[in-house]
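Residue numbers for the sequence shown follow our numbering, so the first one is 12 and each next one is one higher.
Where a beta carbon is used, it is the ideal one built from N, C-alpha and C, also for glycine.
Here's the structure we're looking at; comments come further down.
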Amino acid sequence: MDPATLECLLVREIRKANEISRRDLADRLEVARSTAGRRVDSLIDRGLLREKGIEDRSEAGRPKRLLALQSGHGNFLGIEFDARNLFVALVDFAQNTIVENRFPLPSRPTKEEVLKLIREQIVEYSAGSNIPLLGVGIGVPGMVNQAERIAIGYPYIEKWEEVDLSSELDISPERLHIENNTRTVALGEYWFSEPDSIENLVCITVRTGISAAVISGGRLIRGSHEMAGEIRGWKVREPSKSKDRWLEDVATVRAFQPDGNTSATEWKEFVQACSTGEKNALKQLSEFANLHADTAARIVQLVDPEKIVFSSAFNTLGDLYLDMLRGALADSLAEHYFSPPPVSFVERGEFAGAHGAAALAAANYKPA
């Protein structure tokens, strides 16, 4: 293994573990301890790593000296958006949060409105600091061509088709990394949750659209055409209808209006009605929870995750929605071989995708 590749892997392992010893790093990567030690020393000398201290231990033996990332080495900017909001997270090299911001988008936003807002964030966090911006990650709704940094299309942002983000934002492909936004939410949960805790994870987002992301064995599943998790077109039959419809049309925020254009005010009114126990609103919420649970149950039978997390507009309803969801999932799996895995909301809340986008940039950073 060449030194540059080994250094990238060392930084990745420390990023996931938060703190780890030279010995454990070498064992995880299956390289000689002396080889790992030399690369670690070089990374410390160049300001990427630091020695954090000595582990606490009660048993006999020499305690391990722990390593951590050096926060001041540089920052990463993460941006994630759909048709309703754009989220921003700036994190340092050690994954400490510096800034979180949410920017509401206009109803039916245009490509230029979204790009203008993204450019403004990049300019703001690139200038006026003695700590360099090492990379930018963007979680994009809809399909992407990751290698070419192209957003292929998303119907709820006007003219959002074949958008060359590297060119439009004037950032080199080496510094810009893009991914489908649901996958960045999953990355945010993976990288910023309890260190070393979950290696098999399913993330489901329900906002203007609906999609899923899977991390299996610590690796994000993209698929041969980068379309893994594009479940919006799953066929669903509503109880009172004889015709199948797309999951996206009946299980998302868009489902509240016949034209699919639910306003922020209408959504807030629904949330308020549910919170106050209004009968019709609770009935509608239960129908949504059943659809989301059925979606989760299908994915559970396919990939057998340790945990499912939801990043959803419905998360604002808290335990009212989550209890419905968990109960419906248990019912959906009752006659199968699977027990329902733990279900929760994403730890980083609405900023999970932005943090995941920052983590995407960090994971692709190559030490100089």
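Query	Result
Ala363 in three-state terms, based on DSSP	helix
Straight-line gap, Ser227 to Ala239 (C-alpha atoms, nearest Å)	12 Å
Terminal residues of the alpha helix (DSSP H) in which Arg265 lies	Run containing Arg265: none; DSSP gives neither H nor E here.
Contact the stretch 282-299 vs the stretch 183-192: 3+ CB pairs below 8 Å	no
Whole-angstrom C-beta distance between Phe98 and Glu361, which should lie under 8 Å	6 Å
Reference Asn156; option with closest CA among Gly146, Asn192, Glu131, Lys170	Asn192
Cβ contact (3+ pairs, closer than 8 Å) linking the stretch 103-121 and the stretch 319-338	no
Closest by C-alpha distance to Tyr376, when choosing among Arg34, Gly64, Val42, Asp103	Asp103
Top-ranked residue by Cα proximity to Leu336, from Asp56, Thr306, Trp171	Thr306
Arg33 beta carbon less than 8 Å from that of Arg44	yes
Buried/exposed call for Thr263, threshold 16 Cβ in 10 Å	buried
Selected residue, minimal CA-CA separation from Gly164, among Val147, Lys122, Val314, Ala372	Lys122
Distance CB(Ala100)-CB(His366) smaller than 8 Å	yes
The stretch 295-306 touching the stretch 253-263, judged by at least three CB pairs closer than 8 Å	yes
Inter-stretch contact at 8 Å, needing at least 3 Cβ pairs: the stretch 343-359 / the stretch 53-64	no
Reference Arg160, options Glu179, Pro143, Arg309, Asp270, closest by Cα	Glu179
Buried versus exposed, by CB contacts within 10 Å (16 or more), Pro14	exposed
Limits of the beta strand (DSSP E) - the one that Asp103 falls within	96-103
Runs of beta strand (DSSP E) lying entirely within the stretch 267-351, each at least 3 residues, in chain order	318-323
Under the three-state DSSP convention, the category Leu116 falls into	coil
Whole-angstrom distance between Ser253 and Pro378, CA atom to CA atom	58 Å
Short Cβ contact (8 Å threshold) for Glu200 with Val320	yes
Of the listed residues Pro115, Asp93, Asn86, nearest to Gly146 (C-alpha basis)	Asn86
Beta-carbon gap between Gly364 and Val196 smaller than 8 Å	yes
Proximity of Ala372 and Leu340 at Cβ, strictly below 8 Å	no
Exposure label - Pro269; buried when at least 16 CB within 10 Å	exposed
Distance between Gly244 and Glu237 (C-alpha atoms, nearest Å)	16 Å
Burial state of Leu313, where buried means 16 or more other Cβ atoms lie within 10 Å	exposed
Distance between Leu144 and Ser137 (C-alpha atoms, nearest Å)	6 Å
Within 8 Å, strictly: CB atoms of Leu77 and Ile31	yes
Residue range of the beta strand (DSSP E) that includes Ile168	That residue, Ile168, is in no beta strand (DSSP E); it is neither H nor E in DSSP.
Per-residue DSSP class, three states only, for Trp202	helix
Per-residue DSSP class, three states only, for Thr121	strand
Glu259 - DSSP class collapsed to helix/strand/coil	helix
Nearest-angstrom Cα separation, counted from Arg26 out to Ser343	37 Å
Rounded separation between Trp171 and Lys75 - CA only	52 Å
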